[in-house]
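Sequential numbering of the sequence shown, starting at 1, is according to this note's numbering.
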Amino acid sequence: MEDHYLLQPFITTTTTNEEDSGSSSGPSDDDSLSLKSFIIRFLSIFFVAVISLWANHEASKTFEINIIGGNHDTAASRRFNLLYVSNDKISRIVLSTSEFAENILYPPPNESHVKKEIITRVTVKLGDQNSTNPVIVDHGNRGEFVLLISPSLLLEEKGNVDKGVVMAVQRGMARVWIYGDYGGRGVPDSLVQGMEEYVVGNAVGFEYTAASLSVSNSGKKKKLPDCWRDKNPTNVAHFLRYCEGVENGFIRRLNQGIRDRWDEKRTVDDALLGMSSVKLCAEYWGHMESIVYDA
């Protein structure tokens, strides 16, 4: 078993001071040299201060990445170690998918008043057993998350392995960045899973099919609960995408809205800037039926 640690790079600066030496000069040169020396020192201090501030800002956004390799006893673990651990590729995947999920779920960095989920460490590990889910996200201490990758992904054909692993990590990092996944907030699991699916859908594309929209064999739509209570995460993701199209910034406001407390009657409506989510849900299904049956 091998552990690999990565900390997103901090900017460190070192400064060296060199004593100026030179031949003696006449009195007329002293003032000029003194002024030049002052300007150089001032600019040096200024740039060091700017770099330090920037480095501290960047450091505040970092989290530790811990990669735990397989035990080499199985084909899946050997493949995982060879393709993703030995070259640290899995760490780069974590960083890129984390940034992608963060950009979807949160406003731009210049809106500094927005508080984000605290992430201090992400551990990626190949699971011991195959799972129906490509990735399982476990919580450690506050801010610490473990992504367990299903070994079955490593047993796919070579061309599908990388896609499967990347999407599994993308799904896991989406879950990490969603406020509602840190227990005790009362947020429906269906909504959290739908938000996760929404992030993945933005990465690979959304599909509109009768199967994904809970259409029965008779051709009639099933009686559905509120759109965010649907047991099919794909259905919820489609609804969230529809809401985003109606009110730009909806998904970010929703992610902020579930941070403190879930309110069944208000949270989604507030993210829609006061629109009725129930009415929009009915409108959405009418829209989706027209897409499926007119296709």
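Using N, Cα and C, we set each Cβ at its ideal position, and we do this for glycine too.
Predicted model, so just to flag it, every value in this text is computed and none were measured.
query = Identify the residues that DSSP records as bridge partners of HIS139: which are they?
reply = PHE145
key: Three-state class that DSSP yields for THR267 in the structure shown   = helix
message = Could you give the first and the last residue of the continuous alpha helix (DSSP H) run that contains TRP243?
response = Reading off the sequence shown, one finds Cys at residue 243, where the question assumed Trp. First-last of the alpha helix (DSSP H) with CYS243: 233 to 246.
request  = Assign SER277 to buried or exposed, taking buried as 16 or more other Cβ atoms, counted over all protein chains shown, within 10 Å of its Cβ.
outcome  = buried
inquiry  = Less than 8 angstroms between the beta carbons of ILE67 and VAL114, yes or no?
reply    = no
query = Quick one: Cα of ASN71 to Cα of SER86, how far?
reply = 13 angstroms
message = Between ASN130, ALA203, GLY205, which has its C-alpha nearest ALA76's C-alpha?
response = ASN130
TRP262, DSSP secondary structure in three states = coil
request  = Determine the direct distance from the alpha carbon of GLU283 to that of GLU289, and round the result to whole angstroms.
outcome  = One C-alpha to the other measures close to 10 angstroms.
N- and C-terminal bounds of the alpha helix (DSSP H) containing PHE250 = Looking at the DSSP string, the run of the alpha helix (DSSP H) that includes PHE250 is 250 to 257.
ask   = What is the DSSP secondary structure of GLU283, reduced to helix, strand or coil?
value = helix
query = Do the segment 183 to 197 and the segment 148 to 160 touch if we need at least three Cβ pairs shorter than 8 angstroms?
reply = no
Within 8 angstroms, strictly: CB atoms of LEU254 and VAL236 = At the C-beta level, LEU254 and VAL236 stay beyond 8 angstroms of one another.
query = CB-CB under 7 angstroms to LEU153, same chain, minus the five flanking residues each way: which ones, in chain order?
reply = PRO134, VAL161, GLY164, VAL165, ALA168
ask   = When DSSP labels each residue in this structure, what does PHE100 get in the three-state scheme?
value = helix
query = What is the rounded straight-line gap between the Cα of GLN256 and the Cα of THR97?
reply = 20 angstroms
query = What separation, rounded to the nearest whole angstrom, lies between the Cα atoms of ALA101 and ASP73?
reply = 33 angstroms
request  = Give the straight-line distance between the Cα atoms of ILE104 and PHE47, rounded to the nearest whole angstrom.
outcome  = 34 angstroms
ask   = From ASP263, MET275, LYS116, LYS231, pick the residue whose C-alpha is nearest to that of ILE178; which is it?
value = LYS116
Segment limits, alpha helix (DSSP H) that includes ASP226 = No alpha helix (DSSP H) holds ASP226; DSSP gives it neither H nor E.
query = If you draw a straight line from the C-alpha of THR120 to the C-alpha of THR62, how long is it?
reply = 7 angstroms
inquiry  = Taking the beta carbon of ASP128 as the centre, do at least 16 other beta carbons fall within 10 Å, making it buried, or is it exposed?
reply    = exposed
ask   = Is ILE65 near VAL137, with beta carbons less than 8 angstroms apart?
value = no
query = Between LEU82, ASN81, GLY249, which lies nearest to PRO108 when the distance is taken from Cα to Cα?
reply = Distance check between PRO108 and each of LEU82, ASN81, GLY249 places GLY249 closest, using alpha-carbon atoms only.
key: DSSP-derived helix/strand/coil call for PRO151   = helix
8 angstroms contact criterion, which ARG261 and ARG185 should meet: CB distance rounded = 6 angstroms
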